[in-house]
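Residue numbers (my numbering): 1 to 484. Where a beta carbon is used, it is the ideal one built from N, C-alpha and C, also for glycine. Since the structure is predicted, the reported quantities are computational estimates derived from the model, not experimental observations. Below: one structure, written as structure tokens.
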Ligand code: NAD
Ligand code: 6OD
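Structure below.
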């Protein structure tokens, strides 16, 4: 059986905690043991990261650092199939998703931030002085130090490198705590780090759980200079509280209950294709997914019937088989949570247009399957309509006009992402400006330009990452004023 060890100071080590199990969600079988990092392991990882910061890594020129980032991208691509298999085994996600999204983005993140750091300027201000000599101000972009990176399980390599790549580009070192559900690709990346010559201690991985365990040891560690986190809103609150000790900056990419708004002038076929992915892709385990759809009344019945048809068309099964289009949920525990909402919908009198239960998947009785599900008929304050479920399910509500659609979309404490489906350009602009969301997609979904600001409003997070915004978080600007 495989073992995923912690990666500390360039070495793979067992942790002082009791090893835990990693399961294949498609079968429920244990596929690996995971070395569990205790407080002492976290201390060693942070010390190693600090040493590297002030040692070999800190001494590299920007050009050398950029060269290493590009080698990391190449290193992932050179072992693409290994990363792909590792991600699929950890998550059960179909190869069609992992090979087109997770692994390519895992590599691309390093190239994108190599480009960014090479080209982003800092400010310069000339100023007058009373003696007429003048002064020149310029800003230096300095690394923040040791960054604590805490990640979720839904897009493990993609979301981890989304933070590690800009952190390293800016000259920081990192200690990563991957999700306990998905330890594989973060560990494999340690091998690539060594292979391409990243100095020891620059990238460290500590495995374990969250509160009261490895995650909390890391975010509470006094020598961590900033914390970047992606995960649930409640966890974000705990991490923000931990980071407040020592006044450390945090970047929080949190949960969502994202609305989609479909106007009666939308291109039906294109909408169904995009909206279908927004509702069901990755078994609904995407923070940007659409769990509330508002549909203009005139096309409600047609859209509802066709979206339900789409939900029924998914094929479950072996994730390595290209014909499989939907994987299981990540764990038995997460399936219990998702199914509790399927129960609540039924008990609340929802009309179930598709799914609503657990499929029988031939050959995989132990997988954490649920059916893609479409409901309608629930009140806007029903938990199915208000809570992030993080499963392949969505609730449809009709609306009459633009104003009502905007009000319904905004009636949520979350504000991560929204989709608008319309062929009326004026309406697209008007509505996009009024929807409370960090990211609004018009006639598309999860179309990513990595230079753009990414993050949530309201309870969906604090801060923006992507492009220059990542560099803002992972560096500290220092002003130098020179009297001439
Ligand atoms: P989670 O919050 O349960 O766990 C995320 C990570 O935090 C894990 O590594 C976990 O071990 C760790 N953790 C948990 N409690 C901790 C604590 N007290 N201190 C330190 N670390 C702790 O989230 P999850 O279930 O892994 O992921 C699903 C959630 O992530 C959903 O809510 C989803 O919306 C959100 N998400 C958001 C984005 C985004 O960009 N906004 C992206 C992906 C996922
Ligand atoms: O594309 C990204 O950069 C990103 N952070 C995606 C997040 C997806 C959430 O599940």
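Proximity of residue 18 and residue 30 at Cβ, strictly below 7 Å: In this structure, residue 30 does not lie closer than 7 Å to residue 18 by Cβ.
Sequence-distant residues of its chain with Cβ nearer than 7 Å to residue 139 (five each side left out): The answer, listed in chain order, is 122, 123, 477, 478, 479.
Between the CA atoms of residue 451 and residue 57 - distance to the nearest angstrom: C-alpha separation (whole angstroms): 25 Å.
Given 8 Å, three or more beta-carbon pairs between the stretch 323-340 and the stretch 390-400: Between the stretch 323-340 and the stretch 390-400 there are three or more inter-stretch CB-CB distances shorter than 8 Å, so the stretches are counted as touching.
One or two residues paired with residue 160 in a DSSP bridge: Looking at the DSSP assignment, residue 160 forms no beta bridge with any residue, so it has no partner.
Closest Cα partner of residue 486 within the set 341, 282, 298: The structure shown has nothing for residue 486, since the chain only spans 1 to 484.
Cβ neighbours of residue 264 in the same chain (closer than 7 Å, five flanking residues each side left out): Cβ within range, chain order: 296, 298, 299.
Residue 423 vs residue 267 beta-carbon contact at 7 Å: Yes, Cβ-Cβ distance for residue 423 and residue 267 is below 7 Å.
Nearest-angstrom Cα separation, counted from residue 372 out to residue 474: Distance between the alpha carbons of residue 474 and residue 372 is about 38 Å.
4-residue-minimum alpha helix (DSSP H) runs that sit fully inside the stretch 16-45, ordered along the chain: For the stretch 16-45, not a single whole alpha helix (DSSP H) run of length 4 or above is found.
Among 483, 467, 482, nearest to residue 112 - alpha-carbon criterion: Among 483, 467, 482, the Cα nearest to that of residue 112 is on 467.
Proximity test, Cβ basis, 7 Å: residue 232 and chain C: Among the chains in the structure shown there is no chain C, since it carries only a single protein chain.
Residue nearest to residue 162 in terms of C-alpha spacing, selected from 107, 62, 246: Among 107, 62, 246, the Cα nearest to that of residue 162 belongs to 107.
Residue 136, enclosing beta strand (DSSP E) - first and last residue: Counting along the chain, the unbroken beta strand (DSSP E) around residue 136 starts and ends at 135-143.
Rounded straight-line distance, which links the Cα of residue 292 to that of residue 376: Those two C-alpha atoms are separated by around 10 Å.
Where residue 436 falls, given that 16 or more other Cβ within 10 Å makes a residue buried: It is buried - the Cβ of residue 436 has at least 16 other Cβ atoms within 10 Å.
8 Å contact criterion, which residue 14 and residue 35 should meet: CB distance rounded: Confirmed, about 4 Å.
Simplified DSSP state of residue 474, which is helix, strand or coil: Helix at residue 474.
C-alpha gap between residue 484 and residue 471, whole angstroms: Straight-line spacing of the CA atoms in residue 484 and residue 471 works out to 30 Å.
Any non-hydrogen atom of ligand 2 within 6 Å of residue 162 CB: A distance criterion of 6 Å places the beta-carbon of residue 162 in contact range of ligand 2, judged by its closest non-hydrogen atom.
Complete runs of the alpha helix (DSSP H) confined to the stretch 65-148 [at least 4 residues]: Counting whole runs of 4 or more residues, the stretch 65-148 contains the alpha helix (DSSP H) stretches 80-91, 103-119.
Whole runs of the beta strand (DSSP E) within the stretch 355-431, excluding any shorter than 3 residues: Taking 3 residues as the shortest admissible run, the stretch 355-431 contains the following complete beta strand (DSSP E) segments, listed from N- to C-terminal end: 373-376, 393-399, 417-421.
Rounded distance between the beta-carbons of residue 167 and residue 147, thought under 8 Å: Between the beta-carbon of residue 147 and that of residue 167 there is about 5 Å, and that keeps the pair under the 8 Å contact cut.
Residue 258: CB within 6 Å of a non-hydrogen atom of ligand 2: Residue 258: no, Cβ never under 6 Å from ligand 2.
Classification of residue 5 by the beta-carbon crowding that lies within 10 angstroms, buried from 16 upward: Buried: at least 16 other Cβ atoms inside 10 Å.
Three-way DSSP call (helix, strand, coil) for residue 226 in this model: Taken through DSSP and simplified to helix, strand or coil, residue 226 comes out as strand.
Close Cβ partners of residue 350 (< 6 Å) along its chain, the five nearest in sequence each way excluded: Answer for residue 350: 375, 377, 378, listed in chain order.
Any non-hydrogen atom of ligand 2 within 6 Å of residue 111 CB: Not under cutoff, so the answer is no.
Closest Cα partner of residue 367 within the set 347, 26, 9, 213: The shortest C-alpha to C-alpha distance from residue 367 to any of 347, 26, 9, 213 is the one to 26.
As assigned by DSSP and simplified to three states, the class of residue 248: Assignment of residue 248 by DSSP, reduced to helix, strand and coil, places it in the coil class.
Backbone secondary structure at residue 481 - three-state DSSP: In the structure shown, residue 481 sits in a strand (DSSP, three-state: E or B).
Per DSSP, cross-strand counterpart(s) of residue 352: Beta-bridge pairing links residue 352 to 375.
Check whether residue 90 and residue 184 have beta carbons under 7 Å apart: Closer than 7 Å, so yes.
Backbone CA spacing between residue 275 and residue 455 [nearest angstrom]: Their Cα atoms are separated by approximately 21 Å.
Spatial neighbours of residue 255 in its chain, beta-carbon cut-off 6 Å, leaving aside the 5 residues before and after: Once the five neighbours on either side are set aside, the close Cβ partners of residue 255 are 232, 233, 388.
Neighbouring residues (CB closer than 5 Å to any heavy atom of ligand 1): My final list is 150, 152, 153, 179, 210, 211, 215, 216, 219, 230, 231, 232, 235, 238, 253, 255, 287.
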